[in-house]
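Protein chains in written order, with this note's numbering: chain A, 1 to 160; chain B, 1 to 160.
See below for the structure under consideration.
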């Protein structure tokens, strides 16, 4: 394996580790447990589960891997705070979407060459990317891995 | 810049972003605020501040950059839970150590070549590293960046 691929494979491994950890965490919870708050007055587990799912769904267009599969998750879990809406997708829907979205990402990740990882993500224009080539797909991979870890820290505070 | 260095520079940038965010968070807090818990019955801010500092101090020997500067922080902030010991280093000591340790890491990071980032970290034997070359310094950089993000998620739950 080339040195270059070793940097890339390390980041892909870190992504997978964090996704597997989060998936295992959520799949072990009952619907009732998902309605708990991570701490008094804070987000509920189901909200953070939907939030991570929605953000990962958004990585599909961001990385050029396709359209969002559940654009309705944004209003439910990203652009509005928890407990502000009466109609949320069900725990079962979130569980299915989590698996579906992360499987689509994983399949897309396998197809990117190292050079493709260093191409711009779709939220940056060609002009801006020319000025700052660090705004690439690989940077998204790293920042979204950190984003999972950030919320896992909160999720692990919830009463067991 | 070579493609290889673009992968490396993305991870170094993510590290710096997370360190700067945590440093800004902690430096804005009074000693009294540092004694708050992130959530009822959970770790205090000072404990997590010392914990991150101690873990980063441990990166110095792990990456071959020198000895730990504050080995006493381990008993205070890593190997024993919060509120189990009466004598903790003071907030001022933690603030100073945080700056010192992260400056030492930053200086060390600048000197590593890409090839040196892919060398083994010191917690893995040469024999085990030969079997699994993913146990390198770069993997430590990624996992410790995630570790900061994990605890920042918790720290941001604390009452403002």
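Every residue gets a Cβ at the ideal spot worked out from N, C-alpha and C, and that includes glycine.
- DSSP places residue 160 of chain B outside any alpha helix (DSSP H), giving it a letter other than H or E.
- Taking a C-beta cut-off of 8 Å against chain A, the contacting residues of the segment 29–60 of chain B are 38, 39, 40 and 42, listed in chain order.
- Burial state of residue 85 of chain B is exposed, judged by a 10 Å Cβ sphere holding fewer than 16 other Cβ atoms.
- Across the set B:150, B:140 and B:159, the C-alpha of B:140 shows the shortest separation from the C-alpha of residue 7 of chain A.
- Under the Cβ criterion (8 Å, minimum of three pairs), the segment 64–73 of chain B does not count as touching the segment 123–132 of chain B.
- One alpha carbon belongs to residue 61 of chain B, the other to residue 72 of chain A, and they sit about 48 Å apart.
- Proximity of residue 129 of chain A to chain B, defined by a Cβ-Cβ separation below 8 Å, is not satisfied.
- If you ignore the 5 residues before and after residue 119 of chain A, its C-beta comes within less than 7 Å of the C-beta of 136 and 137, all in its own chain and listed in chain order.
- Annotated three-state conformation of residue 67 of chain A is coil, per DSSP.
- Counting along the chain, no alpha helix (DSSP H) covers residue 112 of chain A, and no H or E run does either.
- Taking the Cβ atoms as the reference, residue 52 of chain B lies roughly 6 Å from residue 22 of chain B, within the contact range of under 8 Å.
- Separation of residue 30 of chain A and residue 41 of chain B (C-alpha to C-alpha, rounded to the nearest whole angstrom) is 24 Å.
- Between residue 150 of chain A and residue 152 of chain B a beta carbon distance of about 6 Å is seen, short of the 8 Å cut, so the two are scored as contacting.
- In this structure, the straight-line span from the alpha carbon of residue 75 of chain A to that of residue 28 of chain B is close to 33 Å.
- In this structure, DSSP gives residue 120 of chain A an extended state, which the three-state scheme calls strand.
- Out of A:156, A:155, A:157 and A:145, the CA that lies nearest to the CA of residue 16 of chain A is found in A:145.
- Residue 160 of chain A and residue 24 of chain A have their C-alpha atoms some 14 Å from each other.
- Per DSSP, the continuous alpha helix (DSSP H) segment holding residue 142 of chain B begins and ends at 137–155.
- Spanning the alpha carbons of residue 90 of chain A and residue 99 of chain A requires a straight line of approximately 15 Å.
- For residue 20 of chain B, the closest C-alpha among the options B:148, B:154 and B:143 is that of B:148.
- Of the residues B:109, B:114, B:44 and B:102, the one whose Cα lies closest to the Cα of residue 54 of chain B is B:102.
- Within the same chain, Cβ atoms closer than 6 Å to the Cβ of residue 39 of chain B are found at 157, the five residues on either side in sequence being excluded.
- Classified as buried, residue 57 of chain A has 16 or more neighbouring CB atoms from the shown chains inside 10 Å of its CB.
- Around the beta carbon of residue 10 of chain B, 16 or more other beta carbons sit within 10 angstroms, so the residue counts as buried.
- Here residue 35 of chain A is exposed: its Cβ has fewer than 16 other Cβ atoms, across all protein chains shown, within 10 Å.
- The C-beta of residue 111 of chain A has fewer than 16 other C-beta atoms within 10 Å across all chains shown, which makes the residue exposed.
- Chain-order list of chain B residues neighbouring residue 134 of chain A: 6, 9, 10 and 13, by C-beta distance under 9 Å.
- If you draw a straight line from the Cα of residue 5 of chain A to the Cα of residue 46 of chain A, it is about 36 Å long.
- Annotated three-state conformation of residue 44 of chain B is strand, per DSSP.
- Taken in chain order, the complete alpha helix (DSSP H) segments of 4 or more residues contained in the segment 50–103 of chain A are 72–77.
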